[in-house]
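A.B. asks:
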Amino acid sequence: MKTQHLTALFLAALSLNSFADTTNRYFKLDSKEEMVTFALWVDSGAVGGSEYSGVPEKDSAYGSITGNVREDGLLHVTFNYMIEGSRQSEEQLIKIDGNKLIVGEGELEEHGPGQLVLKDPKSVKFDGKALTEVKMDEFDLEDAKAKPIVSVMTANLQKAAGVPVTLLGSVRVSGGWARIVGNVQVPEGKTVKNKDLAANFAERSLQAYFKEDGKGGWKLVRHGYLSEYDIEFEGDQEAEAPWPLDEDFADN
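Plus 9 on top of the position in the sequence shown (first one is 1) and you've got the working numbering.
Below, the structure written as structure tokens:
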């Protein structure tokens, strides 16, 4: 029995350590029949993130997941989601093996309006379709790796503002695309003459998208400032950045 317990602890440690290289991990299954995505974080045994499950031209389910890492290394979570205009929840067991994620399959029963739980968690099987990890780099704008992207955005902002600016925030890079989210700072004593732009710098967060230009550089595709409800972007509205560039844990 002691050996089994140590083995379980070892498996749990492996699951936790698989998140050591990056704060967040992203997994996706995309086919003609369905699309399923997971954005996950693990911190001291706690699990959080988001999940999406959809079938083309039918209703989809999207919402948050919260839970913990079990001693056997499985993620035990609750998926709280909206579907067909109503809120529901579903108990899930998730297995992560290297760069693959599998949601366990087992019989569900209702324990309240829209509340589905596993009837027998011990009988859950992990022989269903596996999601594959989507690699994405995430780092601060002060990081040297962000410099080629930051320099493009800074030049654009300084031209519009007529004064030097500094960017603070983070950047994500995936699939030949990048996204900056952060704030624009103007040096003390400098004034941005355009009042609307000055207000954006002072009161709102910047969000900008870039695409590799094929020559080792980056091109600004669109950018805007977050208002209370949404963002009005300037630039190409049709260019579609790849998932999970827009996956924001705070919004789930």
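Ideal Cβ placement from N, Cα and C applies to all residues, glycine included.
A quick note: this is a predicted structure, and the numbers were derived from the prediction, not measured.
Compare the Cα-Cα distances from residue 185 to each of 48, 251, 56, 159 and report the closest residue.
C.D. replies: Of all alpha-carbon atoms in 48, 251, 56, 159, the one lying nearest the alpha-carbon of residue 185 is that of 251.
A.B. asks: Where are the alpha helix (DSSP H) runs, 4 residues long or more, that stay fully inside the region 188–216, in chain order?
C.D. replies: DSSP runs (the alpha helix (DSSP H)) wholly in the region 188–216: 204–212.
A.B. asks: Would you kindly check if the distance between the Cβ of residue 177 and the Cβ of residue 150 is under 8 Å?
C.D. replies: yes
A.B. asks: Leaving out five residues before and five after residue 226 in sequence, what residues of the same chain have Cβ atoms less than 7 Å from its Cβ?
C.D. replies: Taken in chain order, the residues that qualify are 157.
A.B. asks: Comparing C-alpha positions only, which one of 196, 113, 92, 86 sits nearest to residue 171?
C.D. replies: 196
A.B. asks: Given this structure, state the Cα-to-Cα distance separating residue 224 from residue 91, to the nearest angstrom.
C.D. replies: 43 Å
A.B. asks: Kindly indicate which residue of 187, 103, 48, 201 has the alpha-carbon position closest to the one of residue 58.
C.D. replies: 48
A.B. asks: Let me confirm a value: residue 249 is counted as buried when at least 16 other C-beta atoms fall within 10 Å, else exposed. Which label applies?
C.D. replies: exposed
A.B. asks: Round the Cβ separation of residue 72 and residue 43 to the nearest angstrom and send it over; I've been treating them as touching at under 8 Å.
C.D. replies: In fact, because the Cβ distance is near 17 Å, the residues do not count as touching under 8 Å.
A.B. asks: Relative to the C-alpha of residue 229, which residue among 217, 235, 236, 240 is closest?
C.D. replies: 217
A.B. asks: Looking at residue 85 and the ligand NAD, is the gap between the Cβ and the nearest heavy atom below 7 Å?
C.D. replies: Of ligands this structure carries none, so the ligand NAD is not represented either.
A.B. asks: Enumerate in chain order the residues of its own chain whose CB-to-CB distance from residue 233 is below 7 Å, with the five nearest sequence positions on each side excluded.
C.D. replies: 216, 240, 241, 242, 243
A.B. asks: Can you give me the C-alpha to C-alpha distance between residue 78 and residue 36, rounded to a whole angstrom?
C.D. replies: 17 Å
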